[in-house]
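All remarks here apply to the structure that follows.
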Amino acid sequence: MSLFGLFESRSPENPQIPLTSSALLDWLGGPVNASGKQVTEKSSLAFSAVWRCTALISGVSSALPLHVYQDGTHDRVTSPLLKNPHPELTALELWRLTFVHRALWGNAYLQKVRDQGGRVRELWPVTPDRVQVERERPTDANPSGKKFWVTDDWGAVHERTPMQILHMPGMGYDGVCGVSPVRAAQQAIGLGLAAEEYGARLFGSGNLMSGILQTEQRLTPDQADQLKQRWKAKMSGLDKAHDVAVLDSGASFQQVSMPAKDSQFLESRTFEVEEIGRWFGVPAFLLGLTSKSTSWGTGLEQQAIGWVKFDLHPTWLAPAEQRITKELLGASVEARYKIEGLLRGDSAARSQFYNVMRQVGAFSANDIRDLEDLPPIPDGDVRLQPMNMVPLGTEPDDQDEGGQPPDDEDGE
6 MSLFGLFESR SPENPQIPLT SSALLDWLGG PVNASGKQVT EKSSLAFSAV WRCTALISGV
66 SSALPLHVYQ DGTHDRVTSP LLKNPHPELT ALELWRLTFV HRALWGNAYL QKVRDQGGRV
126 RELWPVTPDR VQVERERPTD ANPSGKKFWV TDDWGAVHER TPMQILHMPG MGYDGVCGVS
186 PVRAAQQAIG LGLAAEEYGA RLFGSGNLMS GILQTEQRLT PDQADQLKQR WKAKMSGLDK
246 AHDVAVLDSG ASFQQVSMPA KDSQFLESRT FEVEEIGRWF GVPAFLLGLT SKSTSWGTGL
306 EQQAIGWVKF DLHPTWLAPA EQRITKELLG ASVEARYKIE GLLRGDSAAR SQFYNVMRQV
366 GAFSANDIRD LEDLPPIPDG DVRLQPMNMV PLGTEPDDQD EGGQPPDDED GE
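Numbering (my numbering), first residue to last: 6 to 417.
This is the structure:
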């Protein structure tokens, strides 16, 4: 069990929670939008696009190596807290849950457990629907003036400060809390859920049957069933594909195709997936939509690199790096995600780039091995210098065969 509830949500059965609070509305399913669907952070995961976006952002972000470096250098420092931040969860599981909270609620909260020396030793996640944030007049004990009101499993509300709570806000407008992407996109998510339900009802009700048998005679229910069974017996099965049917008694068969409006309905469902991708900043091909882009080669490769550069790192990783550095680490170190692996091109492009950087002396062998997640080798930090490089503007005739200016006429 967590300090304030790891996965549990507040229950309106608790007498300390007023019936007029937002907790009751969330418990009933959240506000109903124009689509007629109730959209909350949890119910939105029933829409496959939201699930995929949340899983992709949280999974990729938490799987990246998170290292601690001396400030302004590439010298790594060991951090026991980041290596093992929770007694039950692994580091990946803890940060994945943190990014899930940020993706759905726009905020993530972690309880800081300190030792007797005041150092943070553990991090316990708190579900965002248990936390209310406000800012008051700053004091010496709380210079930021930020306060967190956290509801525990028994309904008691606890006052906490940034000394006890690590708050990771997403994009917002007041400098205190982030805006929930799910609440902001509730119309789009509600439309996607409503379209999915409509499609399920459409096919489940049998409105899209394969065809209609018509006769000129009035049939009793038993006669209609016999005619249908005879038709299925004659035309069902792979061995009877493309066979010729002979109908008697004025019977005729009319095949039923999907109406144009239902075809447009399927297109609208594809559009909704793209729309959710825009809300979360995830490119369409990562949501399984590759019809509008090449499905192989540098097209998707460059899109993936662009996603890392323009969304994943600035929106999700960089804020986490700075928040961890500011509140969990000392002043002389900083936390950085190692994203070079996500930015790699294909093997031919990487080898060409490394070859050029090695020849001009910018990279050593160990620099290249570090970028490839390989251990260093002895004497691998030596940088090479080309022997045939001369100052800019030197004429070719002024050089000897070794690339050096010739001696003067006296041989000196």
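Heads up, the beta-carbon is just placed ideally off N, CA and C, and yes, glycines get one too.
- Collapsing the DSSP output to three states places L379 in coil.
- The beta carbon of T275 sits closer than 8 Å to those of L294, all from its chain and outside the five residues before and after it, given in chain order.
- When the beta-carbon positions are compared, I170 and Q121 stay at least 8 Å from each other.
- Here the alpha carbons of A199 and R119 stand approximately 47 Å from one another.
- Sequence-distant partners of L99 (beyond 5 residues in either direction) whose C-beta falls short of 6 Å from its own C-beta, in its chain, are P90 and H91.
- If the five residues before and after P148 are omitted, its C-beta is found closer than 6 Å to no C-beta atom of its own chain.
- As computed with DSSP, H163 is found in a beta bridge with V155.
- Membership of Q75 in any alpha helix (DSSP H) is not indicated; the residue belongs instead to the beta strand (DSSP E) covering L71 to Q75.
- Contact between P186 and W56 does not hold, since the beta-carbon distance rounds to 13 Å and is not under 8 Å.
- The beta carbon of W110 is closer than 6 Å to those of E46, P133 and S185 in its chain, skipping five residues each way along the sequence.
- Y114 is bridged by DSSP to V131 and H172.
- Restricting attention to A325, F358, N360 and M362, the CA atom closest to the CA of A113 is found in A325.
- Per DSSP, Q390 is not a residue of any alpha helix (DSSP H), being assigned neither H nor E.
- Taking 8 Å as the cut-off, the beta carbon of R363 is found closer than this to the beta carbon of L389.
- L305 and A205 have their alpha carbons spaced roughly 32 Å apart.
- L94 is not a Cβ neighbour of I344, given a cutoff of 8 Å.
- Boundaries for Y342: no alpha helix (DSSP H) harbours it, while the beta strand (DSSP E) harbouring it runs V338 to Y342, taken from the DSSP string.
- Separation of D76 and H318 (C-alpha to C-alpha, rounded to the nearest whole angstrom) is 19 Å.
- DSSP places Q137 within a strand segment (E or B) once states are collapsed to three.
- When rounded, the separation of the alpha-carbon atoms in V387 and A367 is 11 Å.
- Our two residues, E332 and M392, have alpha carbons roughly 49 Å apart in a direct line.
- At least 8 Å separates the beta-carbon of A54 from that of E202.
- Comparing alpha carbon positions, the residue from V155, G41 and C58 closest to L292 is C58.
- In its chain, beyond the 5 residues on either side, G286, V287, P288 and L291 have a beta carbon closer than 8 Å to the beta carbon of W312.
- Per DSSP, G150 is not a residue of any alpha helix (DSSP H), being assigned neither H nor E.
- Distance from S49 to I194 at the Cβ level is roughly 5 Å; contact confirmed, criterion being Cβ atoms closer than 8 Å.
- Residue environment: M168 is assigned as exposed (fewer than 16 neighbouring CB atoms within 10 Å of its CB, all protein chains considered).
- Taking a C-beta distance under 8 Å as the contact criterion, A340 and L71 qualify as a contact pair.
- Considered as a whole, the region 352-379 harbours 352-364 and 370-376 as its complete alpha helix (DSSP H) runs of no fewer than 4 residues, in chain order.
- DSSP, read as helix, strand or coil, puts V181 in coil.
- Close CB contacts of G150 within its chain, under the 8 Å cut and outside five residues either way in sequence, are with R140, E141, R142, P143 and T144 (chain order).
- About 6 Å separates the beta carbon of V155 from that of V131, a gap short enough to meet the 8 Å contact definition.
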